[in-house]
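Report on one structure; see the data block that follows.
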Amino acid sequence: MNLVDLAPSQVGIIDELNGDSQFISRLMEMGFSKGRKIRMIYKMPFKGPITIQIRNGMISLRQLDASQISISLDD
Amino acid sequence: MTNSNKMIALLGNPNSGKTALFNILTGLNQKVSNYPGVTVEQILGTAKFGENSFKILDLPGTYSLTPESLDEAIVSQEFAKWAKGDDIPNCIISVVDSTNLERNLYLTTQLIDLGIPIIIALNMIDLSREKSLEIDCNQLKESLNVSAVVPISARLKEGIELLKNEIINACVREKSTSKSFKIPDPVHTAILPLQNWYKDHYQLSDLLSISFAIRVATTGRIEGFDSPDESILDRAQFDLKTIGFPHETLEPKLRYHWLDQVVPKAEIPIRKKSKSEKTDRILTHKWFGPLIFLTLLTFIFQVIFTWASYPMNMIDNGMAQFGNWVSHQIPLGLLSDLLVEGVIGGAGAILIFLPQILILIFFLTLLEDSGYMARIAIMMDKAMTKVGLHGRSVLPLMSGYACAIPGIMSTRTIDSWKERLVTILVLPLMSCSARLPIYALMIGAFIPNKTIFGYFGLQGLTMVLMYFLGTITALILSYGFSKWIKTEKKSSFIMELPPYRIPLMKSVLRQVYTRGKLFVTDAGKIIMAISIVLWFLASFPKIDSSLGETQSIHNSYAAKIGHTIEPVIRPLGFDWKIGLGLVTSFAAREVMVSTLATIYNVENGEEDAISLMEAMKRDKDPITGKSIFTPLVALSLMVFYVFAAQCMATFAIVKRETNSWKWPVFMVFYMTGLAYFGSLIVYQGGLMLGFS
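Sequence lines, in order, name chains A and B.
First residue of the first sequence: 41, per my numbering; consecutive thereafter.
First residue of the second sequence: 785, per my numbering; consecutive thereafter.
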C-alpha cells in the first residue's frame, strides 16, 4: 500500500521512497525516511493534497507525490 | 576590543522564526534598503550589543543546501561564496524550530562543515515546553560540536541576551577544525577520489571536501563549483551502489543517520494530536474551509472600504486646507501655482490612498503570520492545478492584491518553472493597491452609497466586483497559458504546514510600516516628479491673460497630448483628460489620480482648491454641456484599469525574473488588448442597454 491509502488518523511505517532522485532527496530532507512512522491527518476533497504528521511536523503533499511513498500499517 | 565589522549570518528552515529573530536583533536599525520580497536575496541589518556592532545578514528560509527553488538557490550561492573564502561571516546563527529538532538540524549539519563558529538558536522554546519536549542543550552542543546552543523564543523575546553574549563570544573564537560526523568507512573509501578532487582544485578543508564529495555524489553538482570529471563521479556512484548506498539518497541518509544517533530524542508520540490539527478540523474542513476563506476575503475588502473612509476624508480635507494656507502665505504667481497645484495637489492625491493600502497589507501579513496562508495553499491546490497553477501560486497571487512586484518575487518559492511562469504572467491582473486609488475615486464619486440585500454596501460590492473580474480573468488566462507553454519537468507539491500562532502585533505593524513607507517614498518620488512635469504641461504655454485660465489649459501641451489620443479612446467613453491620465500612468497606475488632480486644480485656477471628487462631478463637456464623468464612464475606466499594463516597475521585475524581454513584452501586449476591449464592451454595451 502507499501513503494515500491511509485513512485519517491511521499510522503507517515508511517502507520505500520511490520516484526520481530529486524528489526522493526532497522527501528525505523534509524528514521522510525508511522506517519512520507517519500518520494521516486529513485529505482534501476531490483528491486534493493530503496532510500527514511526521517527525513532530505537519506536511502537505499532493496525492500523486504521496502515492510514491510505500508504507505498511502500524498497529 | 570592538567588533566593528563582524558579520553574522542567519540561516534556518522556512517557518523557523528566522525573520522574527532578525527583527529583534536589529531592532529599528534595520537598513530598509529592501522592498519586501524584492531583494529577498540579501537583507542586511546592523545591530549593537553593548559596545559591539554587527552586520546581520538574513537569508531566505531553506531546508537544505541542495536547492529546489530559486529562493533556496540564493542560500546555496551564498554558501558557495563562503566555501571559497569570500565574505565569510564571523559566525552563523542556525535558527531551528525546537519543536521539530531533527528535521531542522539537517541544514545545521551542512553548515557545520564550513568550519565557521555556529550558534544554534533553539527557537520556539515556549512551544516545546508547552508540548513537554525536553531538550538537553549541553548534549546537543557536545555532539554537534557547535559554539553554543541557546534556547530562545523570538516571540516572547526570551533568551535573547544570552544569545547576544554567545554571539560576542563566538565572533572572537578561532575557526573550528574538528570533524563533524562519522561516515561508514566503505562510503569514505568510495568517495575518496571525489574528496581529493575538491581538495586539489579548491584547496578546501578536510571537513568541507568530504561534505562536497558526499553532495556531488548525491546530486551530481554543487552550486557555484565545478564538478569532478564524469569518469571519477560515475566510478564513485557505482562503488556506492555496490556497497548498498545508492547515491541518490546518500547525503540525507548519512546525515539523518548521524542525527538520529546524536540528537537527544525529543519526539512527540505520533498519535498525539496537536492544537493546530484540531484547529484545522474546522479551518480546512471540506465545506467550512472554503466558506471561511471566502467570508474572510469579503470581510477584508469590505473593511478596506469602510474603515479607510475616515482617515481618507481627514487627509483629503487636510491637504485642501494646507493648499489654501500655502497659497495665502506666498504671493500669487508661478511658484505658488507650482506648490499648490503641482506639489501639494499631487502629494495629496496619493497620500489619501495610504490608509487603504496599509489596511490591505495589514490583513495579508496577518494571514501569513498566523499560519493560515499555508492552509489556503493546500485548500486551493487542487483548483489551482486545474487552471495550470500551483497551491503555492495562491500566496503570490494574493500578494498581488497589494503589489505585483513582491508577488512576482515570491513566485520563487514555486519549484516548477512552468507554473511559476504562468503565475507571473497573470499576476498583474490581480488588482494591486495602486488600482485602489482609481477604484476608490470612481466608486466614491459615481457609485451611489446605497445598501443592498440589507447588509452589503453597493460601493463595497462594486469594489469586490473589480477584484473579482481581475482574479477570474487571471485564472482563465492561466489555463490558456499553461496549455500553450510546454515543459518536460514534472511538478510536485510538498509543503510544511506551520503551526497556528497568534501573530505578534508588533511584527505585523512593522511590516505594514515598512511597506507603507516604501509606497510613499518609492512610488511617491515617481508620482511627485510626474505631478510636477504635468503641472508644467498643463500650465504652459501661457497665452494672453484676457482669455482666462480655463481657456489656457485647453491650449496647453497636456491638452495636445490628450487630444491626440482622444479619438482612440472615445469609444471607451474617455475624454482627453482621462487620455492624458492613461499616458502618464504607464509609469505607475496611481499617477492617474494625481494627474486628474493636477489638471482639475489647474483648471479651477483662481478658485480655492476643491476636492478632486467634487471637481470631477462638476466637470461638463464645454460643447454638449453633458457631464464628462458618468457612472458608466467610471465603470468603463475601472475595467480598463483592471486589465491595463501600466506599471513599468512590474515589467522590469518580470524581465529580471524570467531573464528575457520576451515575457514582459508579451504581457504588455496582451494586457493592453484586454483593457481596450474590456472597456469597449462595458461602455458600448452600457450605452446600448440605455445607461449613460
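Glycine residues also receive a C-beta, built at the ideal position from the N, C-alpha and C atoms.
Three-state class that DSSP yields for residue i in the structure shown
i: K1202 (chain B); result: helix
i: Y82 (chain A); result: strand
i: N953 (chain B); result: helix
i: Q108 (chain A); result: coil
i: M1279 (chain B); result: strand
i: Q93 (chain A); result: strand
i: A932 (chain B); result: strand
i: N884 (chain B); result: helix
i: L841 (chain B); result: strand
i: M70 (chain A); result: coil
i: E1374 (chain B); result: coil
i: I1160 (chain B); result: helix
i: I903 (chain B); result: strand
i: A1429 (chain B); result: coil
i: S878 (chain B); result: strand
i: K1056 (chain B); result: coil
i: G1184 (chain B); result: coil
Nearest-angstrom Cα separation, counted from residue j out to residue i
i: G1172 (chain B); j: T846 (chain B); result: 25 Å
i: Q103 (chain A); j: P89 (chain A); result: 6 Å
i: Q1113 (chain B); j: V1304 (chain B); result: 26 Å
i: D855 (chain B); j: L992 (chain B); result: 23 Å
i: K77 (chain A); j: G829 (chain B); result: 41 Å
i: K1439 (chain B); j: S1183 (chain B); result: 19 Å
i: S800 (chain B); j: P1180 (chain B); result: 21 Å
i: L1288 (chain B); j: E1125 (chain B); result: 42 Å
i: A905 (chain B); j: I1006 (chain B); result: 27 Å
i: I792 (chain B); j: A1313 (chain B); result: 39 Å
i: L1421 (chain B); j: E852 (chain B); result: 42 Å
i: R79 (chain A); j: W1071 (chain B); result: 23 Å
i: Q923 (chain B); j: D55 (chain A); result: 31 Å
i: G1004 (chain B); j: L1017 (chain B); result: 8 Å
i: A1020 (chain B); j: T810 (chain B); result: 46 Å
i: L1331 (chain B); j: I1236 (chain B); result: Bear in mind that a pLDDT of 48 at L1331 (chain B), under 50, signals an unreliable position, so the number given afterwards is only what the model happens to contain. Cα to Cα, L1331 (chain B) sits roughly 48 Å from I1236 (chain B).
i: L1380 (chain B); j: G869 (chain B); result: 56 Å
i: L1293 (chain B); j: F1147 (chain B); result: 10 Å
i: A1001 (chain B); j: S995 (chain B); result: 10 Å
i: E1138 (chain B); j: T803 (chain B); result: Going by the sequence as given, residue 1138 (chain B) is Leu instead of Glu. Rounded to whole angstroms, L1138 (chain B) to T803 (chain B) spans 25 Å at the Cα level.
i: E1390 (chain B); j: L1078 (chain B); result: The pLDDT assigned to E1390 (chain B) is 48, lower than 50, so where the model puts this residue is not dependable, and the model offers no usable value.
i: I1407 (chain B); j: G1474 (chain B); result: 22 Å
i: N818 (chain B); j: S1275 (chain B); result: Reliability fails at N818 (chain B), whose pLDDT of 36 lies under 50, so the model's placement of it is uncertain and no value is given.
i: T1442 (chain B); j: P48 (chain A); result: 41 Å
Under 8 Å by beta carbon: chain A residues contacting residue i
i: K1037 (chain B); result: M68 and S73
i: D855 (chain B); result: Those within 8 Å of D855 (chain B) in chain A number zero; the least Cβ separation is about 14 Å.
Whole-Å CB distance - residue i paired with residue j, under 8 Å assumed
i: Y1040 (chain B); j: M84 (chain A); result: Y1040 (chain B) to M84 (chain A), Cβ: 29 Å. No contact.
i: S1262 (chain B); j: V1206 (chain B); result: 5 Å
i: L754 (chain B); j: N907 (chain B); result: No information on residue 754 (chain B) is available, as it lies outside the stretch 785 to 1476 that chain B covers here.
i: G1130 (chain B); j: S1315 (chain B); result: 3 Å
i: T1195 (chain B); j: I1208 (chain B); result: 6 Å
i: S882 (chain B); j: P935 (chain B); result: 7 Å
i: V859 (chain B); j: P844 (chain B); result: 6 Å
Where residue i meets chain B, residues with beta-carbon distance less than 8 Å
i: N58 (chain A); result: None at all; the shortest Cβ gap to chain B is about 11 Å.
i: S112 (chain A); result: The contacting residues do not exist; S112 (chain A) stays about 15 Å from chain B at best.
i: L101 (chain A); result: S1276, F1277, I1278 and M1279
Proximity test, residue i beta-carbon vs the ligand SAM heavy atom, cut-off 7 Å
i: G1264 (chain B); result: As for the ligand SAM, it is missing from this structure, which has no ligand bound.
Closer than 7 Å at the beta carbon, the chain A residues around residue i
i: T883 (chain B); result: N96
Contact list for residue i against chain B, beta-carbon separation under 7 Å
i: P85 (chain A); result: K1070
i: I54 (chain A); result: Residues of chain B passing the Cβ test: none, with the nearest at roughly 12 Å.
i: I109 (chain A); result: Correct list: empty, because the minimum Cβ distance to chain B is about 11 Å.
Amino acids of chain B, ordered along the chain, whose beta-carbon sits closer than 9 Å to that of residue i
i: V51 (chain A); result: I1054 and R1055
i: D105 (chain A); result: S1276, F1277 and I1278
Residue i: contacting residues in chain A (beta-carbon distance under 9 Å)
i: E1061 (chain B); result: I81, Y82, T91, Q93 and M98
i: D1165 (chain B); result: M84, G88, P89, S100 and R102
i: E1051 (chain B); result: R95 and N96
i: G1500 (chain B); result: Because chain B is modelled from 785 through 1476, residue 1500 (chain B) falls outside the range shown and cannot be assessed.
i: E886 (chain B); result: G71, R95 and N96
* Stretch-stretch touch, CB-based, cutoff 8 Å, three pairs: the stretch 1116-1125 of chain B with the stretch 1160-1174 of chain B -> Output reads no: the stretch 1160-1174 of chain B does not touch the stretch 1116-1125 of chain B.
Can you confirm whether the stretch 1444-1455 of chain B touches the stretch 1403-1423 of chain B when touching is taken to mean that 3 or more C-beta pairs between the two stretches lie within less than 8 Å? no
Exercise for review: Give a yes or no on contact between the stretch 1395-1404 of chain B and the stretch 1219-1229 of chain B, applying the rule of three or more CB pairs nearer than 8 Å.
Suggested key: yes
- Taking contact to mean at least 3 C-beta pairs separated by less than 8 Å, is the stretch 1138-1147 of chain B in contact with the stretch 1086-1103 of chain B? yes
Three Cβ pairs or more, each shorter than 8 Å: is that satisfied between the stretch 1241-1260 of chain B and the stretch 1080-1087 of chain B?
Segments in contact, yes.
Exercise for the section: Return the residues of the stretch 994-1028 of chain B that lie within a Cβ-Cβ distance of less than 9 Å from chain C, sorted by chain order. Expected result: This model lacks chain C altogether; the protein chains it does include are A and B.
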